[in-house]
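So the structure is just underneath, and the comments pick up after that.
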Amino acid sequence: MKSFLEESKKNKKTIGFVPTMGALHKGHLFLIEQAKKKNDLTVASIFVNPTQFNNQEDLDNYPKTLEKDIELLESVSCDVLFVPTIDEIYHKNVVSNKFDFDGLEHEMEGKYRAGHFDGVGTIVKTLFEIVSPKNAYFGEKDFQQLQIIKKLVTKNQLPISIKGCAIYREKDGLAMSSRNARLSSEQRKVAPIIYKILKKVKKKFPEETEGEISEWVENQFKNHPFLQLEYFTIADEKSLKPINIKEFDKKYRAFIAVFAGNIRLIDNIQLKY
Ligand code: PAF
290 MKSFLEESKK NKKTIGFVPT MGALHKGHLF LIEQAKKKND LTVASIFVNP TQFNNQEDLD
350 NYPKTLEKDI ELLESVSCDV LFVPTIDEIY HKNVVSNKFD FDGLEHEMEG KYRAGHFDGV
410 GTIVKTLFEI VSPKNAYFGE KDFQQLQIIK KLVTKNQLPI SIKGCAIYRE KDGLAMSSRN
470 ARLSSEQRKV APIIYKILKK VKKKFPEETE GEISEWVENQ FKNHPFLQLE YFTIADEKSL
530 KPINIKEFDK KYRAFIAVFA GNIRLIDNIQ LKY
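This note's numbering runs 289 ahead of the 1-based position in the sequence shown.
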């Protein structure tokens, strides 16, 4: 991949990069489209990165649909697809490096998915070294990941611009995710409630305290037959620290993680007041 891209770099072609774990959906294709608009060459990667999974069952069941993914990438005229093997990335040592993301890694997902962001940091840094893109595209569904990758780039002084792209949703509001393919029909039917709740939170935010809103959210999931709340938090977009008192010069977001059986769904929404 490095030598293949060398030629393009010699010719001063700009590279836009969309790293993925496959099982592509419209949200990924939207990222490819954004990359294609602003770069001479668009590179996608598919690599199910074992070190970012804190749960073996989640890794084992992660959907793998390479043939379909290739068709989808062709449908949006993605220029290059990189599908490395585990050995090519990890050289027989499948462990992650340790990263310090100035505390971003200890909030939310970091509390519930031990080592997850070390795994993400390891693979994204490795892929950036191989592809050395000018721009790299990530979805805001994984907003914490997006902020962490921005931090990775700043701390390592990488000449890469990280572009966050709005969450792509199904018609009924469910945030698109490769894991949605694993939902049973009952789980799929009720899952859009997650976004409905976030929209209600957005309405409540100007008038109610964080405590009141959190209690309301918890009640929505109490005794729910299919969904179980893992966490709900309102946090500062930059530091990702939970809100203390509302400060007018800060931007806030509501973040949620919910289990449908053993399938974990996350979502978030920007708040205004
Ligand atoms: O968001 C993802 O799909 C993954 O975390 C990423 C960024 C491709 C790293 O494996």
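Think of the CB as a built atom: it goes at the ideal place given N, C-alpha and C, for glycine as much as any other residue.
- Item | Spatial distance of S297 from I451 (CA atoms) | Taking the sequence shown and counting its residues from 1, one reaches residue 297 at position 8. Taking the sequence shown and counting its residues from 1, one reaches residue 451 at position 162. The alpha-carbon atoms of S297 and I451 are separated by roughly 20 Å.
- Task: State the DSSP-derived secondary structure class of K298, mapped to helix, strand or coil.
- Result: For the purposes of this step, residue 298 is identified with residue 9 of the sequence shown, where counting begins at 1. Three-state result, K298: helix.
- Message: Using a Cβ-based criterion (distance less than 7 Å to any ligand heavy atom), does M310 qualify as near ligand 1?
- Response: Position 21 of the sequence shown, counted from the first residue, corresponds to residue 310. Flag set: Cβ of M310 near ligand 1.
- Query: For the alpha helix (DSSP H) that G399 lies in, which residues bound it at each end?
  - Reply: Indexing the sequence shown from 1 puts residue 399 at position 110. Residues 398-401.
- Taking the beta strand (DSSP E) that K452 falls in, what are its first and last residues? The count along the sequence shown starts at 1 and reaches residue 452 at position 163. 450-454 is the span of the beta strand (DSSP E), which, as asked, contains K452.
- Item | For I532, three-class secondary structure by DSSP | Taking the first residue of the sequence shown as position 1, residue 532 is located at position 243. In the structure shown, I532 sits in coil (DSSP, three-state: anything other than H, G, I, E or B).
- Message: Under DSSP, the beta strand (DSSP E) around N557 begins and ends at which residues?
- Response: Here residue 557 is taken as the residue at index 268 of the sequence shown, counted from 1. Segment 552-560, the beta strand (DSSP E) holding N557.
- Message: Nearer than 7 Å: is that true of the beta carbon of N344 relative to any heavy atom of ligand 3?
- Response: Judged by which ligands are present, ligand 3 is missing from the structure shown, whose ligands are ligand 1.
- Query: How about V413: is its Cβ closer than 7 Å to a heavy atom in ligand 1?
  - Reply: Residue 413 sits at position 124 when you count from the first residue of the sequence shown. Result yes, Cβ under 7 Å from ligand 1.
- Query: To the nearest angstrom, how far is it from the Cα of T303 to the Cα of F293?
  - Reply: Residue 303 sits at position 14 when you count from the first residue of the sequence shown. Residue 293 sits at position 4 when you count from the first residue of the sequence shown. Straight-line Cα distance between these residues: approximately 14 Å.
- Message: Please report the distance separating the alpha-carbon of I359 from that of K493.
- Response: The sequence position of residue 359 within the sequence shown is 70, counting from 1. The sequence position of residue 493 within the sequence shown is 204, counting from 1. Taking the straight line joining both Cα atoms gives about 43 Å.
- Query: Is it true that the segment 305-321 meets the segment 344-363, where meeting means three or more beta-carbon pairs spaced less than 8 Å apart?
  - Reply: yes
- Message: Looking at the strands, I want to know which residues DSSP matches up with E523.
- Response: Position 234 of the sequence shown, counted from the start, is the residue given in the question as residue 523. Residue 523 is actually Ile in this sequence, not Glu. A543.
- Item | In chain order, each beta strand (DSSP E) run of at least 3 residues that lies wholly inside the segment 412-451 | 424-428
- Query: For H317, is the classification buried or exposed, using 16 other Cβ atoms within 10 angstroms of its Cβ as the cut-off for buried?
  - Reply: As a working note, residue 317 is residue 28 in the sequence shown. With 16 or more Cβ atoms within 10 Å of its Cβ, H317 is classed as buried.
- Stretch pair the segment 320-332 + the segment 372-387: three plus CB contacts closer than 8 Å: no
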